[in-house]
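*Asks:*
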Amino acid sequence: MCSKLAILIAAVAAALSAQETPLDPHNSVQINLPPDAPLTLVSENLGESHVSPRGSAVVLDLDVALTLHNSSPNRVRGVTLLVTAQEVTPGGKASVAVPSLDVAPGLNFPVRINLRLLRPSQMGAGPLVRVNLDGVLFQDLSFYGPNRLDSRRSMTAWELEAQRDRKYFKSILASRGIEGLKQAVLESLNRQAERPRLDVQVIRGHAVASSALPEHSAQFAFLRFPDSPVDPLEGYAQISGNEAREPRIEVQNRSPKPVRYVEIGWIVKDSQGRQYMAASVPNADAELFLPPGRTGKVLQDTSLRFSRGSDKISIAGITGFVSQVEFADGKVWIPNRESLANAQLLGILAPSPEEQRLTDVYRKKGPKALVDELAKF
Amino acid sequence: MTHPGQTILALYAGEDLGWFRRLRTERHLASCSACRAEVATFSAAREELAGMSDLPAIPWSRLAAEMKANIRLGLAAGECVRPPQSLAAFAWLSGGRGFAAFASVAALLVAGLYLQRPAPPPAPLAARQDAVLRATANGIELNQGGQTLSLLHVRAGDVTYSAGAQGSIRARYVDSDTGNVTINNVYVQ
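Keeping their order, the protein sequence lines are chains A and B. According to the working numbering, the residues represented by the first sequence are 1426 to 1802, in order. According to the working numbering, the residues represented by the second sequence are 2 to 190, in order.
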């Protein structure tokens, strides 16, 4: 009788210990903002954040609401935070970026962190999660931060896209009035709804094709933009069934300035001729330096697998286009809207963060709110 | 004065040091008689070893021919002295015994062939153990070693996922609480 009772108590104790435990607000999450940072932490709320054991690891469900204060003299356009439970194994690191901001000096603004991270249960003392500021982008495109995630370039590109797309909607408002603006926004919402989407799997360092189908080397077809500072010359990827791997593309700098980053947009076509945005392919070499006229290679040791639900997508063709270029002086180039429209890419690519935000304002608050939002910039 | 180690001095004696180390060692030797003596010892030892390696040449082809001839001679002599054998010597193998012996040999052969059969190549290690990030309509999942964990399940209605060939997946959505576009980036490593 006593032994049965002991077993029951042990089982109940084990079940209780395996349950979710709320995070201790005092020492679970550490927010690190450098003393000279242009942002200060006003408040943090861990909400429903909790930790639960899973084998030899713990799963951290973060539901953190931060309020940050712009203590700089400039308007903040974007913020990137690096969220780390542990650095080495997959699932331990993530980032949260908030582009398309417009925070005046002296104002507060919210940043939400909704993530799930993993960390080994046998780790040393200290906070379970560290949140570090990776970068802040200002209205004049100046930047503050350690930039570990290359967030300067990402946020600059997003800001340029935001300027481009606000200009587009403003020009429609000026030329065709509010009815024209409504039509343009509805077209954008339709594109967003009808954009073909795929389930994508990303496998790094995958040197051998896992598909049983024979593998062949497929050549990229390229879409070229007249104002692009970098031209794609030729490129290949290994294709096997629904798997594409090791994209390698030769590019040439045709601008008068040295280039330090090139990103290729990668589109795959299925056997029925439908096109999907597959991935972006940045240059793998962090030290890329491409003087004017010189050629270089954009390549990644990665495999991508495509499916729609449980149906594998058979890859019938691959297309590439230069989607982003960063010059050695830190300036960034992105394709203009006309080029994207002419190449019929608007229906394939995701909208920019700003276009997504503006159409969301229209959907939730109506055309008047959108006009007011455009007038802020 | 800091003296170079024995290894450095030995490498110097054998002229196996890089130019920079050689220069540094030479400078030290110019003012250190003890180390000069060590180097001299190493040099003498090298000369002795070089002398030992000078073995007399061995006529390998002649030795091989002699060994083959001796083997043939032995076999021929064996044939000469062996008494003639009749089939009666194998009479015990007739009937059931013979069948059992044959069956045993056949079983041995089959077992050998089975154990040595060409096995299908094992699945690539990478394919079995690589961490896989997957973006689906339900969020971002991490799969490793057959275990799947949902890393990101955005409660917002319209989420745009995009893969980075450098090993990441982004989820972009408009946060319903703040109205801000929020981009979560999950890294495979």
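Where a beta carbon is used, it is the ideal one built from N, C-alpha and C, also for glycine.
Less than 8 Å between the CB atoms is what I'm expecting for A1587 of chain A and S1777 of chain A, so what's the real figure, rounded?
*Replies:* Locating residue 1587 of chain A in the first sequence gives position 162, counting from the first residue. Locating residue 1777 of chain A in the first sequence gives position 352, counting from the first residue. About 7 Å separates the two Cβ atoms, so the contact holds.
*Asks:* Going by alpha carbons, who is nearest to A11 of chain B out of B:T42, B:T137, B:L150?
*Replies:* The count along the second sequence starts at 1 and reaches residue 11 of chain B at position 10. That would be B:T42, whose Cα lies nearest to the Cα of A11 of chain B.
*Asks:* What is the DSSP secondary structure of N1615 of chain A, reduced to helix, strand or coil?
*Replies:* For this step, residue 1615 of chain A is matched to residue 190 along the first sequence. Per DSSP, reduced to three states, the secondary structure at N1615 of chain A is helical.
*Asks:* Compare the C-beta of Y188 of chain B against all C-beta atoms of chain A and say whether one is closer than 7 Å.
*Replies:* As a working mapping, residue 188 of chain B is identified with position 187 in the second sequence. So yes, Y188 of chain B belongs to the interface.
*Asks:* Please tell me whether G15 of chain B has its Cβ less than 7 Å away from any Cβ of chain D.
*Replies:* Absent from the structure is chain D; the protein chains it does hold are A and B.
*Asks:* Below 7 Å on C-beta distance, what does G168 of chain B contact in chain A?
*Replies:* Locating residue 168 of chain B in the second sequence gives position 167, where the first residue counts as 1. V1627, R1629, T1727, listed in chain order.
*Asks:* Quick one: list the residues of chain A neighbouring T137 of chain B, beta-carbon separation under 8 Å, in chain order.
*Replies:* For the purposes of this step, residue 137 of chain B is identified with residue 136 of the second sequence, where counting begins at 1. The contacting residues are D1624.
*Asks:* Does the beta-carbon of I141 of chain B have 16 or more other beta-carbons within 10 angstroms, so that it is buried, or is it exposed?
*Replies:* Counting from 1 along the second sequence, the entry for residue 141 of chain B is found at position 140. Buried, because 16 or more other Cβ atoms sit within 10 Å of the Cβ of I141 of chain B.
*Asks:* Which residues of the region 1514-1547 of chain A have a Cβ closer than 9 Å to any Cβ of chain B? Give them in chain order.
*Replies:* T1514, P1515, G1516, G1517, K1518, A1519, S1520, V1521, A1522, V1523, P1524, S1525, L1526, F1534, P1535, V1536, R1537, I1538, N1539, L1540, R1541, L1542, L1543
*Asks:* Please state if the CB of N1495 of chain A and the CB of P1413 of chain A are separated by a distance shorter than 7 Å.
*Replies:* Nothing in the structure corresponds to residue 1413 of chain A, since chain A is present only between 1426 and 1802.
*Asks:* Using a Cβ cut-off of 7 Å (strictly closer), state whether A1643 of chain A contacts chain B.
*Replies:* On the first sequence, position 218 is the one that residue 1643 of chain A refers to. Not closer than 7 Å to any Cβ of chain B, the Cβ of A1643 of chain A fails to qualify, so no.
*Asks:* First and last residue of the beta strand (DSSP E) that includes H4 of chain B?
*Replies:* The count along the second sequence starts at 1 and reaches residue 4 of chain B at position 3. Run containing H4 of chain B: none; DSSP gives neither H nor E here.
*Asks:* For N186 of chain B, is the classification buried or exposed, using 16 other Cβ atoms within 10 angstroms of its Cβ as the cut-off for buried?
*Replies:* Numbered from its first residue, the second sequence carries residue 186 of chain B at position 185. So N186 of chain B counts as buried.
*Asks:* Tell me which residue opens and which closes the beta strand (DSSP E) that S1642 of chain A is part of.
*Replies:* The residue you call residue 1642 of chain A lines up with position 217 of the first sequence. Counting along the chain, the beta strand (DSSP E) containing S1642 of chain A begins and ends at 1641-1648.
*Asks:* Chain A partners of V175 of chain B, CB-CB under 8 Å?
*Replies:* The residue given as residue 175 of chain B occupies position 174 in the second sequence. Ordered by position in chain A, the residues that pass the 8 Å Cβ test against V175 of chain B are Q1781, R1782, D1785.
*Asks:* Which residue from A:V1528, A:L1553, A:E1798 puts its Cα closest to that of T1446 of chain A?
*Replies:* Within the first sequence, numbered from 1, the residue matching residue 1446 of chain A stands at position 21. Comparing C-alpha distances from T1446 of chain A to each of A:V1528, A:L1553, A:E1798 shows the shortest one belongs to A:L1553.
*Asks:* Helix or strand or just coil, what does DSSP make of V1747 of chain A?
*Replies:* Stepping through the first sequence from its first residue, residue 1747 of chain A is reached at position 322. Here V1747 of chain A sits in strand by DSSP.
*Asks:* What are the residues that DSSP puts in a beta bridge with T137 of chain B?
*Replies:* Reading the second sequence from its first residue, position 136 is the one you call residue 137 of chain B. In the DSSP output, where bridge partners are listed per residue, T137 of chain B has B:G140.
*Asks:* Spatial neighbours of L56 of chain B within its chain, please: C-beta separation below 8 Å, excluding the five flanking residues on both sides.
*Replies:* Here residue 56 of chain B is taken as the residue at index 55 of the second sequence, counted from 1. Note that L56 of chain B scores a pLDDT of 42, beneath 50, so its modelled location is shaky and nothing firm can be said.
*Asks:* Using the rule of at least 16 other Cβ atoms within 10 Å of the residue's Cβ for burial, across every protein chain shown, is S1442 of chain A buried or exposed?
*Replies:* To locate residue 1442 of chain A, count along the first sequence from 1; it is residue 17. Caution is warranted here: a pLDDT of 48 is assigned to S1442 of chain A, below 50, making its placement in the model unreliable, and the coordinate value is therefore given only provisionally. By the 10 Å Cβ count, S1442 of chain A comes out exposed.
*Asks:* Using beta-carbon positions only, say whether F1650 of chain A and G1690 of chain A come within less than 7 Å of one another.
*Replies:* Residue numbering aside, residue 1650 of chain A sits at position 225 when the first sequence is read from its first letter. Residue numbering aside, residue 1690 of chain A sits at position 265 when the first sequence is read from its first letter. Contact: no.
*Asks:* Run the CB neighbour count on I1603 of chain A, radius 10 Å, all protein chains shown included, and call it buried at 16 or more, exposed below.
*Replies:* Counting from one through the first sequence, the residue named residue 1603 of chain A turns up at place 178. Flag for I1603 of chain A reads exposed.
*Asks:* Spatial neighbours of A1709 of chain A within its chain, please: CB distance less than 6 Å, with the 5 preceding and 5 following residues excluded, ordered by chain position.
*Replies:* By 1-based counting over the first sequence, the position of residue 1709 of chain A is 284. For A1709 of chain A, where only same-chain residues beyond five positions count, the Cβ hits under 6 Å are L1724, Q1725.
*Asks:* Kindly say whether A1775 of chain A, judged by its beta-carbon, lies nearer than 7 Å to any beta-carbon of chain B.
*Replies:* To locate residue 1775 of chain A, count along the first sequence from 1; it is residue 350. Chain B contact via Cβ: present.
*Asks:* For E1712 of chain A, is the classification buried or exposed, using 16 other Cβ atoms within 10 angstroms of its Cβ as the cut-off for buried?
*Replies:* What you label residue 1712 of chain A is simply residue 287 of the first sequence in a count that begins at 1. So E1712 of chain A ends up on the exposed side.
*Asks:* Within the continuous alpha helix (DSSP H) that includes P1515 of chain A, where are the two ends?
*Replies:* As a first step, residue 1515 of chain A is located in the first sequence; it is residue number 90 there, counting from the start. Where P1515 of chain A is concerned, there is no enclosing alpha helix (DSSP H), given that its DSSP letter is neither H nor E.
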